Amino acid sequence: MAPMGRHDELKARYAAVTPDWLGQYYEHPIGIERGEGSWVWDLEGERHLDFFGGVLTTMIGHSHPDVVAALREQAGKVLHTSTLYFSEPHVELAELIADLSGIPDARVFFTTSGTEANDTAIMLATVYRRSNQILALRNSYHGRSPTAQAVTAQRGWSATSHSGLAVSWVHGGYRLRSPFRDLDDEAYTRACVDDLVQVIDMTTAGDVAAMIAEPIQGVGGFATPPDGFFGAMKKVLDAHDILFISDEVQTGWGRTGDHFWGYEAHGVVPDLLTFAKGVGNGTALAGVVGRAEVMNCLDVLSFSTFGGNPLSCAAGLATIRAVLRDDLQANAARQGRRLAERLDPVVARTDWIAERRGRGLMQAIEIVHPGGLEPDRARTAALMEACRDRHLLVGKGGLYGNVIRIAPMLDVSDADLDEGVDRLCDAIAAVDAD
Ligand SMILES: Cc1ncc(COP(=O)(O)O)c(C=O)c1O
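Residue numbering for the sequence shown is 1 to 434, as defined by this note's numbering.
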């Protein structure tokens with residue numbers, strides 16, 4: 001019998017001490033020892049090209065020198081202060097994010113996760129509007145607390161129906177499985193807006209607090225609505241004084257290429273915007289930015305122990321400054337176009353790939369049984385394994401676990417992008433031949 005490798009050994013130990021629902025990718029999961037740029041080395045010494053960044057979180061490359069230097073410098077000064085005392089990185093990062101948010105008179109509150117950021121946004125909106133009613137989009141994912149789960153519309157991720165919110169569901173950007181899928185962009189948006197009007201008129205008590213939406217649905221498989229979609233929705237929201245919360249946990253910081261924030265594709269400015277994942281390039285950094293009037297509506301104290309801690313704020317500052325200095329949004333736009341150009345012909349000739357969608361460095365392919373839309377989880381798993389065999393890390397997602405998510409680092413080079421696409425196309429060809 002072959003000796004147990006480090007991965008197999010960890011698999012057994014992991015299974016013994018963590019809950020069963022905390023799964024890994026692949027039949028033989030890998031452990032990561034270290035990373036550099038778009039590459040990681042696993043615990044058995046193999047090198048992989050990382051086109052997922054730990055779920056769009058390592059945003060500007062592993063061990064980015066600016067982020068490492070900022071963390072080292074801050075760690076040598078002080079790790080924790082709490083917001084009971086000022087820390088310069090906290091104030092500087094809040095200033096930077098307020099400025100970048102596009103929200104006038106913005107205030108920023110930091111948390112440690114996207115879930116807590118969305119919890120905070122929903123708490124603020126419901127207190128401000130004195131209502132527990134929320135609109136959320138079908139196929140959404142907003143996190144794992146009861147509140148965030150209450151606005152999550154993914155059967156595979158909804159562990160509980162327990163929450164104090166009254167939630168009504170509206171149509172969003174998942175066009176492939178929408179009853180409106182055959183409509184063109186304009187008609188699709190109109191149909192969803194008509195539905196929104198009916199949902200408000202028929203299913204709510206009339207004083208809805210907010211609508212929360214991901215501009216491109218992340219866990220939902222990078223489902224992308226037509227440009228202007230949320231602009232049209234927001235006209236209806238505005239008529240009812242319903243706040244708009246843009247969950248930019250996956251779409252922020254230029255990843256979509258054409259825009260710095262996902263909301264900008266729609267000609268709107270949100271009342272509240274939540275961010276997490278990529279902003280700290282792997283450190284626990286998240287938060288809410290919003291209009292002062294809404295952000296200030298609590299008349300009690302509220303506090304997050306690790307929110308705004310100097311270490312993650314230092315990493316956040318270094319990350320955002322690198323994004324701006326190196327114009328990584330432009331790189332995301334350019335590499336995203338190259339990715340689409342390379343993938344489109346492959347998608348067109350592969351009868352089990354329903355579509356490529358997404359924009360910038362946030363693109364996905366949805367895997368189905370040929371001739372229809374029935375999801376093919378088995379083939380998706382086979383494609384994940386084929387990518388792993390070729391040392392390419394991509395993500396899985398979608399309502400039925402049948403979507404491959406491709407999200408390279410924002411600073412991915414031409415050579416690495418080509419290399420990753422070559423490996424992906426080769427994996428598709430191998431699965432096709434099986
Ligand atoms: C759009 C979106 N919102 C919120 C969350 C929750 O973030 P976290 O896992 O940091 O709590 C996620 C996580 O995947 C997400 O994709």
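We treat Cβ as the ideally placed atom computed from N, Cα and C, and that holds for glycine. These numbers were taken from a predicted model, which means no experiment stands behind them.
- Partner residues in the beta bridge of glutamate 355, as assigned by DSSP, are Glu366.
- Between threonine 251 and isoleucine 216 a beta carbon distance of about 5 Å is seen, short of the 8 Å cut, so the two are scored as contacting.
- At least one heavy atom of ligand 1 falls within 8 Å of the beta-carbon of tyrosine 141.
- In its chain, beyond the 5 residues on either side, Pro146 have a beta carbon closer than 7 Å to the beta carbon of histidine 162.
- Here DSSP, grouped into helix, strand and coil, assigns asparagine 118 to helix.
- In this structure, glycine 397 sits near glycine 218, with a CB-CB distance shorter than 9 Å.
- Taking the Cα positions, alanine 330 is about 8 Å away from glycine 254.
- Using a Cβ distance threshold of 9 Å, aspartate 105 and glutamate 293 count as a contacting pair.
- Under DSSP, phenylalanine 109 takes part in a beta bridge, and its partners are Val288.
- The Cβ neighbour count for tyrosine 400, taken over all protein chains shown within 10 Å, is at least 16; the residue is labelled buried.
- Under the three-state reduction of DSSP, asparagine 331 is assigned to helix.
- Distances from the CB of threonine 256 to the heavy atoms of ligand 1 are all 8 Å or more.
- DSSP places phenylalanine 230 inside the alpha helix (DSSP H), whose first and last residues are 229-239.
- The C-alpha of alanine 153 is placed about 16 Å away from the C-alpha of leucine 176.
- Considering only Met409, Met211, Ala322, the residue with the shortest C-alpha distance to lysine 235 is Met211.
- At a cut-off of 8 Å, the beta-carbon of serine 304 does not count as near ligand 1: no heavy atom of the ligand is closer than that.
- Glutamine 74 counts as buried, since no fewer than 16 other beta carbons sit within 10 angstroms of its beta carbon.
- By alpha-carbon distance to asparagine 132, the top candidate from Ile122, Asp247, Ser140 is Ile122.
- At least one heavy atom of ligand 1 sits closer than 8 Å to the Cβ of arginine 144.
- Leucine 361 places its beta carbon less than 9 Å from that of alanine 332.
- In the three-state reduction of the DSSP assignment, glutamate 36 falls in the strand class, which pools E and B.
- In the DSSP assignment, leucine 243 falls within the unbroken beta strand (DSSP E) covering 243-247.
- If you check the CB distance, serine 168 and valine 199 come in under 9 Å.
- The bridge partners DSSP lists for proline 375 are Val368.
- If you draw a straight line from the Cα of asparagine 309 to the Cα of leucine 93, it is about 11 Å long.
- Nearest to arginine 342 by C-alpha distance, out of Gly143, Gln363, Val421, is Val421.
- Judged by beta-carbon spacing, leucine 410 lies within the 9 Å limit of methionine 59, meaning their Cβ atoms are closer than that value.
- Remark: the C-beta of serine 113 is in contact range of ligand 1, defined as less than 8 Å to any heavy atom.
- Residue side-chain check: alanine 117 places its Cβ nearer than 8 Å to a non-hydrogen atom of ligand 1.
- Assignment of isoleucine 30 by DSSP, reduced to helix, strand and coil, places it in the coil class.
- Note on geometry: alpha-carbon atoms of lysine 11 and phenylalanine 180 lie some 44 Å from one another.
- For leucine 272, the pairing in a beta bridge is given by DSSP as Ile245, Gly290.
- Among the bridge pairs identified by DSSP, glutamine 133 is matched with Ala166.
- For alanine 407, no alpha helix (DSSP H) segment is defined, and its DSSP state is neither H nor E.
- Bounds of the beta strand (DSSP E) holding alanine 213 are 210-213.
- Minimum Cα-Cα distance from glycine 267 among the listed residues Asp434, Tyr14, Thr160, Gly102 corresponds to Gly102.
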